[in-house]
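Protein chains: 2
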Amino acid sequence: MSKTYRRIVLASRPTGWVMPENFRLETLPIPSPGPNEVLVRNHYLSLDPYMRGRMNEGKSYAQPQEIGATMIGATVGEVVASHHRAFTVGNHVRGMLGWSEFGVVNGKALERIDTRKIPMSAYLGIVGMPGMAAWYGYHKILAPKAGETLVVSAASGAVGSVVGQLAKLGGLRAVGIAGGPEKCRYVTDELGFDACVDYRGAKDAEALTQALRIAAPKGVDAHFENVGGDALNAVMNLLNPFARVAICGLISDYNNERGVVPHSAIRNPAVFLVARIKMQGFIVSDHLELWPQGLTDLGALLVAGKLKFRETIAENLARAPEAFIGLLRGRNVGKQIVKLV
Amino acid sequence: MSKTYRRIVLASRPTGWVMPENFRLETLPIPSPGPNEVLVRNHYLSLDPYMRGRMNEGKSYAQPQEIGATMIGATVGEVVASHHRAFTVGNHVRGMLGWSEFGVVNGKALERIDTRKIPMSAYLGIVGMPGMAAWYGYHKILAPKAGETLVVSAASGAVGSVVGQLAKLGGLRAVGIAGGPEKCRYVTDELGFDACVDYRGAKDAEALTQALRIAAPKGVDAHFENVGGDALNAVMNLLNPFARVAICGLISDYNNERGVVPHSAIRNPAVFLVARIKMQGFIVSDHLELWPQGLTDLGALLVAGKLKFRETIAENLARAPEAFIGLLRGRNVGKQIVKLV
Numbered sequence: 001m002s003k004t005y006r007r008i009v010l011a012s013r014p015t016g017w018v019m020p021e022n023f024r025l026e027t028l029p030i031p032s033p034g035p036n037e038v039l040v041r042n043h044y045l046s047l048d049p050y051m052r053g054r055m056n057e058g059k060s061y062a063q064p065q066e067i068g069a070t071m072i073g074a075t076v077g078e079v080v081a082s083h084h085r086a087f088t089v090g091n092h093v094r095g096m097l098g099w100s101e102f103g104v105v106n107g108k109a110l111e112r113i114d115t116r117k118i119p120m121s122a123y124l125g126i127v128g129m130p131g132m133a134a135w136y137g138y139h140k141i142l143a144p145k146a147g148e149t150l151v152v153s154a155a156s157g158a159v160g161s162v163v164g165q166l167a168k169l170g171g172l173r174a175v176g177i178a179g180g181p182e183k184c185r186y187v188t189d190e191l192g193f194d195a196c197v198d199y200r201g202a203k204d205a206e207a208l209t210q211a212l213r214i215a216a217p218k219g220v221d222a223h224f225e226n227v228g229g230d231a232l233n234a235v236m237n238l239l240n241p242f243a244r245v246a247i248c249g250l251i252s253d254y255n256n257e258r259g260v261v262p263h264s265a266i267r268n269p270a271v272f273l274v275a276r277i278k279m280q281g282f283i284v285s286d287h288l289e290l291w292p293q294g295l296t297d298l299g300a301l302l303v304a305g306k307l308k309f310r311e312t313i314a315e316n317l318a319r320a321p322e323a324f325i326g327l328l329r330g331r332n333v334g335k336q337i338v339k340l341v
Numbered sequence: 001m002s003k004t005y006r007r008i009v010l011a012s013r014p015t016g017w018v019m020p021e022n023f024r025l026e027t028l029p030i031p032s033p034g035p036n037e038v039l040v041r042n043h044y045l046s047l048d049p050y051m052r053g054r055m056n057e058g059k060s061y062a063q064p065q066e067i068g069a070t071m072i073g074a075t076v077g078e079v080v081a082s083h084h085r086a087f088t089v090g091n092h093v094r095g096m097l098g099w100s101e102f103g104v105v106n107g108k109a110l111e112r113i114d115t116r117k118i119p120m121s122a123y124l125g126i127v128g129m130p131g132m133a134a135w136y137g138y139h140k141i142l143a144p145k146a147g148e149t150l151v152v153s154a155a156s157g158a159v160g161s162v163v164g165q166l167a168k169l170g171g172l173r174a175v176g177i178a179g180g181p182e183k184c185r186y187v188t189d190e191l192g193f194d195a196c197v198d199y200r201g202a203k204d205a206e207a208l209t210q211a212l213r214i215a216a217p218k219g220v221d222a223h224f225e226n227v228g229g230d231a232l233n234a235v236m237n238l239l240n241p242f243a244r245v246a247i248c249g250l251i252s253d254y255n256n257e258r259g260v261v262p263h264s265a266i267r268n269p270a271v272f273l274v275a276r277i278k279m280q281g282f283i284v285s286d287h288l289e290l291w292p293q294g295l296t297d298l299g300a301l302l303v304a305g306k307l308k309f310r311e312t313i314a315e316n317l318a319r320a321p322e323a324f325i326g327l328l329r330g331r332n333v334g335k336q337i338v339k340l341v
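Respectively, the protein sequence lines represent chains A and B. Numbering-wise (our numbering), the first sequence opens with residue 1 and increments by one. Numbering-wise (our numbering), the second sequence opens with residue 1 and increments by one.
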């Protein structure tokens, strides 16, 4: 085994769009675990939109990423050495070891995963944080009923693809919004949504509203927002009385420079009154007490063949920055993963 | 008794601000009640912001007011003739008899009111729809806890004044937003709010945010919105994690022409995620099942001297249009009433 490993640190904070030079690849000697610590070789790294927020200075719901520190990130991998009684060499584990080929961490911060029926990488996606985000927003905020219509943006993504499939399992009409005909075909033909609107095919917000009106002829009762901006404004035009909107992400806004009125401004707040809507933002890590229930549900549906997922896999840690920029630009289909081994 | 009465009808729909010529005063013979009907002499007419919405053409949560029909409005008055077994001459009643000195209506649409301890006009305000709006939004949407900070806009108005007083009774810090030093003095000195920010004294949204930051040094946990626009955007900058926002009215927006991006656009939706907020619009007539409970609560607090209210009274039906325009421009303090007798 090599005596060194590679990691990626935050080299500088982006202004606007993330650039490759905001990251730096470093090579370091593999550390030894101390008391209660475990050395893990990471097999897969998860790339997620929330990481963009951590790259900024200043207040968000979490501390910003420090300059020079390993980029934050969820990982799955294999125990290589253990000084913690709950883990032995060869165990498969999930943790937050960051953009890094190896990591040493207290065993308390790791979790065993069962890869006999579910592939290891799925613990970063459909039975990981993105799946939980879909499950929480769907069940705990939207709480939709059979026969209602649900819309989800970024419908081909790691979160949106689960939301729409849960909606179909729940007896709803599921409408996706996605970028480009390929993603839309995936959403309808493979994931089973009733309709998908290609926002890139709509020349403006009005055209997007018209396309959605056709896809959701009875209006929209529940909306799961991952993107913001025109997508959200278009859906708001179609909300039925007592509709619910769950705000999981606003990726269209993450690369705006500060101080500018965001593209994602909610242009017609009168809808709050006219349709008596509820709009609620959430962060799934606020609700860790529900993860066992949610992940058990999702795992059972996955093993039963009732949920499908896709991954976009970048090979080699060195390509993580490029893959992350691609994620922010919507180039991935399904869960964006970096394969490290 | 006179054989004629006067009413005000919608003469034309406003574009932008309401004008006196949008109304027409008419004189008609007093009708006789048919089977099950009651003839009521209205003593007081309520003027409320929602009436502005009814003057527009097109979809809202209610049908638009028809041209040539009596303007909609809540009234309290006295039974003059009754063909309904639940009412006798002299009873005091509340109904929706509109901008009119007399009205005939099926007894089913009237409600007896007890004016022994509570003045008749209060049934249009603090123990009427505005009081219920405050009660519903406060208890059912904001559901705040002692020690939290609540902000309410239009704090000197019929709804806002009740919201802030409920907050003080609940052990919260209550901060009002109102237009002008006279209203602010009323809010703090008479109603007992902890602080009041004069939005007319702030030169822009940034200055308003700064003034609110001083008034709410621990941030804002619950916000009751009656106005929208800069007020809402300023408060959104100060929301604490898991804050709740109840949207009861957006009066700053009601006189915008259609198709223009409203002044009231929510400029920073990232707050939904960063603070995981819930924002919910409501219309109190959706929740009629709660009115007995709410109005009993409010009536008991009023009789016990724990709630105060003020009225701005216009004398004579002919002055209702002018008083309504004044209401939309924020000229009233407390509940805007028209005295008809």
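Think of the CB as a built atom: it goes at the ideal place given N, C-alpha and C, for glycine as much as any other residue. Model, not experiment: these values are computed from the prediction.
{"query": "Going by beta-carbon coordinates alone, are glycine 125 of chain A and glutamate 311 of chain A separated by less than 8 Å?", "result": "yes"}
{"query": "Does phenylalanine 272 of chain A come within less than 8 Å of chain B when only Cβ atoms are used?", "result": "yes"}
{"query": "Determine the chain B residues that contact arginine 276 of chain A at a beta-carbon separation under 8 Å, and present them in chain order.", "result": "Tyr61, Gln280, Gly281, Phe282, Ile283 and Asp286"}
{"query": "Taking only beta carbons into account, state which residues of the segment 215-227 of chain B come closer than 7 Å to chain A, listed in chain order.", "result": "none"}
{"query": "Is the shortest distance between the beta-carbon of proline 269 of chain A and the beta-carbons of chain B less than 8 Å?", "result": "yes"}
{"query": "Closer than 9 Å, Cβ to any Cβ of chain B: which residues of the segment 152-165 of chain A, in chain order?", "result": "none"}
{"query": "Note down, in chain order, all residues in the segment 183-195 of chain A with a beta-carbon under 8 Å from any beta-carbon belonging to chain B.", "result": "none"}
{"query": "Using C-beta distances below 6 Å, list every residue in its chain close to alanine 178 of chain A, excluding the 5 sequence neighbours before and after it, in chain order.", "result": "Ala155, Ser156, Cys184, Val187 and Cys196"}
{"query": "Could you pull out every residue in the same chain whose Cβ sits closer than 6 Å to the Cβ of valine 260 of chain A, ignoring the five residues on either side in sequence?", "result": "Unreliable placement is indicated for valine 260 of chain A, whose pLDDT of 44 sits below 50; no coordinate value is reported for it."}
{"query": "Closest Cβ-Cβ distance between isoleucine 247 of chain B and chain A: below 8 Å?", "result": "yes"}
{"query": "With DSSP as the reference, label methionine 279 of chain B as helix, strand or coil.", "result": "strand"}
{"query": "From this set, B:Arg319, B:Thr70 and B:Val40, which residue's C-alpha is nearest glycine 107 of chain B's C-alpha?", "result": "B:Val40"}
{"query": "Pull up the CB-CB distance for serine 82 of chain A and valine 76 of chain A, whole angstroms please, since I reckon it's below 8 Å.", "result": "In fact, because the Cβ distance is near 16 Å, the residues do not count as touching under 8 Å."}
{"query": "Quick check on this structure: which residue in B:Asn237, B:Val79 and B:Ala202 has the alpha carbon closest to the alpha carbon of histidine 43 of chain B?", "result": "B:Val79"}
{"query": "Distance check for alanine 122 of chain B and proline 20 of chain B, CA to CA, integer angstroms please.", "result": "27 Å"}
{"query": "Any beta-carbon of chain B closer than 8 Å to the one on isoleucine 266 of chain A?", "result": "yes"}
{"query": "Considering only C-alpha positions, which residue in the set A:Glu315, A:Ile247 and A:Thr4 is nearest to glycine 229 of chain A?", "result": "A:Ile247"}
{"query": "With 16 other CB atoms within 10 Å as the buried threshold, where does valine 341 of chain B fall?", "result": "exposed"}
{"query": "Could you tell me which chain A residues have their CB closer than 9 Å to the CB of aspartate 253 of chain B, listed as they occur along the chain?", "result": "Pro269 and Ala270"}
{"query": "Go to glycine 95 of chain B, then tell me how far its alpha helix (DSSP H) extends in each direction, as first and last residue.", "result": "Looking at the DSSP string, glycine 95 of chain B is not in any alpha helix (DSSP H); the run it does join, the beta strand (DSSP E), is 92-95."}
{"query": "Once you ignore the five residues that flank tyrosine 138 of chain A on each side, which residues in its own chain have a CB closer than 6 Å to its CB?", "result": "Val163 and Leu166"}
{"query": "Three or more C-beta pairs under 8 Å: does that hold for the segment 205-225 of chain B against the segment 93-106 of chain B?", "result": "no"}
{"query": "Return the Cβ separation of arginine 94 of chain A and isoleucine 113 of chain A in integer angstroms, given the expectation that the two are a contact with Cβ distance under 8 Å.", "result": "5 Å"}
{"query": "Give a yes or no on whether 8 Å exceeds the smallest Cβ distance from leucine 342 of chain A to chain B.", "result": "One cannot answer for residue 342 of chain A here, as it falls past the ends of chain A, which runs 1 to 341."}
{"query": "Does chain A have any CB closer than 8 Å to the CB of leucine 124 of chain B?", "result": "no"}
{"query": "State yes or no: is the beta carbon of arginine 301 of chain B nearer than 8 Å to at least one beta carbon in chain A?", "result": "One point to set straight first is that residue 301 of chain B is leucine, not arginine, in the sequence displayed. Not closer than 8 Å to any Cβ of chain A, the Cβ of leucine 301 of chain B fails to qualify, so no."}
{"query": "Glycine 250 of chain A CB to nearest chain B CB: under 8 Å?", "result": "In the sequence on display, residue 250 of chain A carries leucine and not glycine. Yes, leucine 250 of chain A lies at the interface with chain B (some Cβ there is under 8 Å from its Cβ)."}
{"query": "Can the beta-carbon of leucine 28 of chain B be found less than 8 Å from the beta-carbon of alanine 69 of chain B?", "result": "no"}
{"query": "Would you mind listing the beta strand (DSSP E) stretches within the segment 117-164 of chain A that are 3+ residues and don't spill past its ends, in chain order?", "result": "149-153"}
{"query": "Hey, alanine 222 of chain A and proline 144 of chain A are a contact pair by Cβ (cut 8 Å); roughly how many whole angstroms apart?", "result": "4 Å"}
{"query": "Start and end of the alpha helix (DSSP H) containing leucine 273 of chain A?", "result": "270-274"}
{"query": "Taking a contact to mean a Cβ-Cβ separation below 8 Å, would you say leucine 317 of chain A touches arginine 6 of chain A in this structure?", "result": "yes"}
{"query": "Check whether the Cβ atoms of valine 159 of chain A and glycine 299 of chain A lie closer than 8 Å to each other.", "result": "no"}
{"query": "Rounded to the nearest angstrom, what separates leucine 250 of chain B and asparagine 22 of chain B at their Cα positions?", "result": "22 Å"}
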